[in-house]
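Participant: Residue numbers (this note's numbering): 249 to 908.
Ideal Cβ positions, reconstructed from N, Cα and C, are used throughout, including at glycine.
Note that the structure is predicted; figures quoted are calculated from it, not measured.
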């Protein structure tokens with residue numbers, strides 16, 4: 249509902265101002281004098297709710313939590329006391345919490361009773377409320393690491409502004425389900441049983457349909473984030489706990505054994521470890537570290553290392569941005585200096601496209617959330633994997649290492665070995681609950697053909713889950729059609745054969761620390777959280793735009809290979825190959841009804857013709873019949889092949905289609 253202050257007949261009794269919130273202290277000044285509070289907000293932990301009752305004079309809190317489907321999944325055995333307290337507050341009528349299992353609610357609004365004794369429905373006509381509309385969440389980050397802006401209204405109950413806020417609040421509450429209702433019912437029905445034991449079994453109970461390992465990783469990830477937010481000393485000890493109550497004995501035994509082997513501790517019905525050890529657990533189980541985007545932060549927990557934040561604002565020093573961009577450009581220029589290639593600009597464009605994919609990869613789940621909100625039901629062809637083809641010594645392994653280092657602050661350096669992956673390991677990736685990409689070096693196309701889970705990899709995804717996307721390099725030019733339909737296809741048509749000094753120089757560039765991803769991550773987080781991401785065919789457009797913004801901030805003109813057009817469209821090796829065939833007159837074209845028949849010369853072997861059929865985009869709908877290729881989408885073929893000038897292939901197609 250849109251309301252104007254000018255339309256409110258009681259505007260003379262309405263106060264309006266703007267407030268900037270930079271800390272919990274400044275936020276508390278806005279809500280601290282309220283006895284009753286109604287709010288729609290993100291709230292990442294139930295402990296935050298208890299803190300509100302500790303530090304404010306609240307007599308009642310009603311909260312719609314927009315980013316949580318079930319708080320129970322975030323509770324561990326250590327939270328028995330917290331759960332008991334929240335249940336008592338709920339039972340007494342002081343607390344009512346609604347979680348949102350079916351959608352993420354981004355809105356932020358706060359309604360406060362300033363007179364005491366009022367609720368949203370009843371109270372004196374001249375009773376006053378403070379209404380807040382802004383960006384701050386009920387999370388620790390909103391009070392410590394961020395600056396937030398509020399519109400603050402102090403209004404009487406009788407007035408259009410109050411009615412608008414109240415109506416909008418009720419509308420948002422309809423999305424929610426009341427938290428703790430089932431626990432209250434369980435306690436009430438089992439009077440003879442110890443209250444603490446009932447709560448312990450409720451917290452440990454597993455009524456989720458999630459895979460047990462997937463569920464366990466979701467809980468541990470939430471704890472890693474909470475512990476990182478809560479710590480006061482960066483050297484302080486952080487420990488996370490996974491309760492194994494309610495799990496099958498085989499699962500419990502396996503988890504305990506894995507945790508012991510990497511240095512954690514196993515108790516009778518739980519395991520404990522620090523975040524770095526949990527990073528080892530993820531790396532050992534899935535081959536990736538922990539990476540989670542939560543409440544406008546991006547957290548990384550590498551194996552054996554502390555959790556860190558991967559975003560940072562742009563510096564005010566332009567030279568720092570220029571230096572970081574220069575570092576990337578020096579790496580791309582190695583194609584000119586040490587590579588043997590006929591098209592260095594195309595090689596550099598594809599190298600850049602690989603790194604852009606790495607920068608986007610941690611946000612694949614955010615992209616899935618954006619697409620789902622906008623009504624896209626099929627995600628598998630909208631969230632492409634990356635397939636990078638190149639011959640031996642084309643630099644595939646080096647660029648994988650560079651990409652992994654760039655998005656991990658140098659803590660992840662090696663891709664997975666293709667010999668060690670299979671159907672089981674790829675399917676298991678969805679259990680990791682981590683958004684760090686899974687990179688595989690030198691895979692054979694026959695192995696990809698056998699990785700059936702990739703066909704519908706995203707089909708089980710739903711809001712609240714985090715899936716890693718996948719990156720492959722291979723010597724093989726064309727995997728199967730179903731995989732190409734689900735992948736971004738890039739190639740490195742170059743041969744590197746540098747001497748020892750040149751090799752050392754390239755490795756020095758690869759190992760150098762770079763802040764570029766942290767800057768881009770800051771921009772992408774803001775774009776995805778605000779919904780400022782266009783839904784285009786170019787999945788990488790958000791990160792592409794972020795890179796252009798860096799060049800703008802640095803007052804630099806981007807090199808020619810930095811383009812708004814994806815490299816595989818601007819420099820398509822398949823299109824170049826077909827254009828060469830046309831120039832050499834190695835085939836002829838005939839139209840029959842709505843199809844084109846491409847007849848190849850006798851000197852072309854059938855296996856070579858098959859190679860050229862695989863170079864065609866799938867949208868052209870091409871099939872091979874012996875020594876010819878049948879094209880079912882002639883217009884798509886014409887648009888793809890482009891203008892050759894003269895009477896080349898395009899002229900022949902135009903003539904056949906009757907377009908001139």
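Let's see if you can read the secondary structure: which residues bound the alpha helix (DSSP H) around residue 404?
Facilitator: That residue, residue 404, is in no alpha helix (DSSP H); its beta strand (DSSP E) goes 396 to 404.
Participant: Just verifying my parser: in three-state terms, what is the DSSP assignment at residue 518?
Facilitator: Residue 518: strand per DSSP, three-state reduction.
Participant: I'd like to confirm the pairing. Which residues does DSSP put opposite residue 360 in its beta bridges?
Facilitator: Note: residue 360 sits in a beta bridge opposite 285 and 378.
Participant: Per DSSP, which residues does residue 873 bridge with? Please list them.
Facilitator: According to DSSP, which records beta bridges pairwise, residue 873 is partnered with 876.
Participant: Beta-carbon separation of residue 687 and residue 666 under 8 Å?
Facilitator: Cβ distance not < 8 Å, so residue 687 and residue 666 don't count as in contact.
Participant: Closest by CA to residue 523, which one among 477, 517, 543 and 496?
Facilitator: Checking every option, the nearest Cα to that of residue 523 belongs to 477.
Participant: Which of the three DSSP states, helix, strand or coil, is assigned to residue 264?
Facilitator: In the structure shown, residue 264 sits in a strand (DSSP, three-state: E or B).
Participant: Is residue 282 buried or exposed, if buried means 16 or more other CB atoms sit within 10 Å of its CB?
Facilitator: Result: buried.
Participant: With DSSP as the reference, label residue 488 as helix, strand or coil.
Facilitator: Strand, per DSSP.
Participant: I need the DSSP call for residue 841, collapsed to helix, strand or coil.
Facilitator: Three-state DSSP puts residue 841 in coil, outside helix and strand.
Participant: Following the continuous alpha helix (DSSP H) through residue 773, name the residue where it begins and the one where it ends.
Facilitator: 764 to 778 is the span of the alpha helix (DSSP H), which, as asked, contains residue 773.
Participant: Using a threshold of 8 Å, state whether the C-beta atoms of residue 637 and residue 694 are closer than that.
Facilitator: Cβ atoms of residue 637 and residue 694: not closer than 8 Å.
Participant: Are residue 267 and residue 398 close, meaning C-beta to C-beta below 8 Å?
Facilitator: Yes, the pair counts as a contact, with Cβ atoms nearer than the cut-off.
Participant: Who are residue 918's beta bridge partners in DSSP?
Facilitator: Coverage of the chain is limited to positions 249 through 908, which leaves residue 918 absent and any answer about it impossible.
Participant: Taking Cβ positions, are residue 612 and residue 721 nearer each other than 8 Å?
Facilitator: No. Outside cutoff.
Participant: Classify residue 833 as buried or exposed, calling it buried when 16 or more other Cβ atoms lie within 10 Å of its own Cβ.
Facilitator: With fewer than 16 Cβ atoms within 10 Å of its Cβ, residue 833 is classed as exposed.
Participant: If you draw a straight line from the alpha carbon of residue 449 to that of residue 459, how long is it in whole angstroms?
Facilitator: Going from the Cα of residue 449 to the Cα of residue 459 covers about 19 Å.
Participant: Could you give the first and the last residue of the continuous alpha helix (DSSP H) run that contains residue 618?
Facilitator: Element bounds for residue 618: 612 to 621.
Participant: For residue 395, which option in 778, 535, 275 and 293 has the closest C-alpha, if you only look at C-alpha atoms?
Facilitator: The option with the nearest alpha carbon to residue 395 is 275.
Participant: Since residue 533 is in the alpha helix (DSSP H), which residue starts that stretch and which ends it?
Facilitator: Residues 523 to 534.
Participant: Does the contact criterion of 3 or more C-beta pairs under 8 Å hold for the segment 882 to 889 versus the segment 851 to 860?
Facilitator: Touching, no, given that fewer than three Cβ pairs across the two stretches are closer than 8 Å.
Participant: Rounded to whole angstroms, what's the CA-CA distance from residue 784 to residue 704? Just pull it up for me.
Facilitator: Taking the straight line from one Cα to the other gives about 21 Å.
Participant: If we ignore side chains and look at the alpha-carbon of each, how far apart do residue 410 and residue 332 end up?
Facilitator: Spanning the two alpha carbons is a distance of roughly 34 Å.
Participant: Comparing C-alpha positions only, which one of 673, 606 and 691 sits nearest to residue 918?
Facilitator: With the chain represented from 249 up to 908, any question about residue 918 goes unanswered, as that position is not in the structure.
Participant: For residue 715 and residue 675, which I take to be in contact (beta-carbon distance under 8 Å), what is that distance rounded to the nearest angstrom?
Facilitator: The pair is not a contact, with the Cβ atoms about 12 Å apart (cut-off 8 Å).
Participant: If you follow the alpha helix (DSSP H) that residue 739 is part of, which residue opens it and which one closes it?
Facilitator: Residue 739 -> not in any alpha helix (DSSP H); beta strand (DSSP E) instead, spanning 735 to 740.
Participant: Which residues in the same chain have their Cβ closer than 7 Å to the Cβ of residue 872, if we skip the five residues on either side of it in sequence?
Facilitator: Around residue 872: 857, 858 and 861.
Participant: Can residue 599 and residue 776 be called in contact, C-beta distance under 8 Å?
Facilitator: Going by C-beta atoms, residue 599 is not nearer than 8 Å to residue 776.
Participant: Grab me the residues of residue 616's own chain with a C-beta within less than 7 Å of its C-beta, minus the 5 sequence neighbours each way, in chain order.
Facilitator: So the list reads 627, 631, 706 and 709, once near-sequence residues are dropped.
Participant: Buried or exposed: residue 372, going by 16 or more other Cβ atoms within 10 Å of its Cβ?
Facilitator: Exposed, because fewer than 16 other Cβ atoms sit within 10 Å of the Cβ of residue 372.
Participant: Leaving out five residues before and five after residue 250 in sequence, what residues of the same chain have Cβ atoms less than 6 Å from its Cβ?
Facilitator: Because residue 250 sits at a pLDDT of 41, beneath the cut-off of 50, its placement in the model cannot be relied upon, and the following sentence gives the value as read from the coordinates. There are no such residues.
Participant: What does DSSP give as the partner residue(s) for residue 826 in the beta ladder?
Facilitator: In DSSP, residue 826 forms no bridge with anything.
Participant: How about residue 844: is its C-beta nearer than 8 Å to some C-beta of chain C?
Facilitator: Judged by its chain identifiers, the structure shown contains no chain C, having just a single protein chain.
Participant: Looking only at its chain, what residues have a beta carbon closer than 7 Å to the beta carbon of residue 526, apart from the 5 residues adjacent to it on each side?
Facilitator: So the list reads 468, 472, 488, 538 and 549, once near-sequence residues are dropped.
Participant: Looking at the structure shown, is residue 588 part of a helix, part of a strand, or coil, going by DSSP?
Facilitator: If DSSP states are grouped into helix, strand and coil, residue 588 belongs with the strands.
Participant: Once the 5 residues before and after residue 480 are set aside, which same chain residues still bring their CB inside 6 Å of it?
Facilitator: Only weak support exists for where residue 480 lies, its pLDDT of 44 falling under 50; the coordinates are left without a value.
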